[in-house]
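Heads up, the thing below is written out as structure tokens.
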Amino acid sequence: MEVADAVEARRARRVLSERSIEPDRVDALIRSVRLSASCFNNQPWRLVFCSGGESLGAVRAALAKGNAWATRAPLIIVVCARAPDDCQLSDGRDYFLFDCGLAIGQMELQATSLGLVAHPIAGYDPAKVKRALGVPDDHVVITLVICGYPGTDDSLLSDKQREAERERPDRKAVGENVFSDRWGQAHT
Ligand SMILES: Cc1cc2nc3c(=O)[nH]c(=O)nc-3n(C[C@H](O)[C@H](O)[C@H](O)COP(=O)(O)O)c2cc1C
Numbered sequence: 002m003e004v005a006d007a008v009e010a011r012r013a014r015r016v017l018s019e020r021s022i023e024p025d026r027v028d029a030l031i032r033s034v035r036l037s038a039s040c041f042n043n044q045p046w047r048l049v050f051c052s053g054g055e056s057l058g059a060v061r062a063a064l065a066k067g068n069a070w071a072t073r074a075p076l077i078i079v080v081c082a083r084a085p086d087d088c089q090l091s092d093g094r095d096y097f098l099f100d101c102g103l104a105i106g107q108m109e110l111q112a113t114s115l116g117l118v119a120h121p122i123a124g125y126d127p128a129k130v131k132r133a134l135g136v137p138d139d140h141v142v143i144t145l146v147i148c149g150y151p152g153t154d155d156s157l158l159s160d161k162q163r164e165a166e167r168e169r170p171d172r173k174a175v176g177e178n179v180f181s182d183r184w185g186q187a188h189t
């Protein structure tokens, strides 16, 4: 799949199959993260792949109610990091979250090209996740990436989620957040 096609095809889908993900595909996801750019090549991400009964069960139990759809996923990737593991510039620019976002964005495209869904979420109890997996206190659990093959049963979705499944949620108009030459000057 061309990168441009993966960019168009990627969606935060919520209807997942319980089919497990083949090890070579999991390896391809890991490689896409490892090759991602990061400030000074610091690679601040720490990922816990949960696909075994006990860890997966514990992470599922930490999901917010609105993320019940994610309980079908055969793989949940717990993304952790801490600021001192990446560039920290004197004017307050901490790059650890940015670099984790880059790596996960790249992984989302890789997943899409493999026919997989890789859907990052913020709705979970991070303290529960940290306790269950032994994540050190000084790390932030930035996101859980819900991974699986697309499914057909949408019974775990709310009406709003069903609507988002059918159609990509709207984006802001380009001129609202992309400017030409000067802040606020809408790009056309
Ligand atoms: C940091 C982050 C947190 C998100 N948290 C959730 C979440 O808790 N539950 C959920 O269903 N979707 C979550 N999403 C998915 C977004 O709602 C989705 O990406 C957005 O609506 C755009 O839809 P699209 O990715 O299909 O284009 C999250 C996405 C990101 C990047």
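Residues 2 to 189 in our numbering are what the sequence shown lists, from first letter to last. Note that beta-carbon positions come from the ideal geometry of N, C-alpha and C, so glycine has one too.
Ligand 1 heavy atom lying under 6 Å from the CB of Ile-147: At a threshold of 6 Å, Ile-147 does not count as near ligand 1, since its beta carbon sits no closer than that to any of the ligand's heavy atoms.
Sufficient close CB pairs (3 or more, under 8 Å) joining the region 138-149 to the region 98-118: yes
DSSP beta-bridge partners of His-140: By DSSP's assignment, His-140 forms no beta bridge with any residue.
First and last residue of the uninterrupted alpha helix (DSSP H) at Ile-227: Outside the modelled stretch of the chain, which goes from 2 to 189, sits residue 227, for which no answer is possible.
Extent of the continuous beta strand (DSSP E) to which Arg-94 belongs: Per DSSP, Arg-94 belongs to no beta strand (DSSP E) and is neither H nor E.
Burial state of Arg-15 (16 or more Cβ within 10 Å): buried
Reduced DSSP secondary structure (H/G/I, E/B, other) of Gln-89: DSSP, read as helix, strand or coil, puts Gln-89 in strand.
Under the three-state DSSP convention, the category Ala-74 falls into: coil
Residue interval of the alpha helix (DSSP H) (run including Arg-12): Per DSSP, Arg-12 belongs to no alpha helix (DSSP H) and is neither H nor E.
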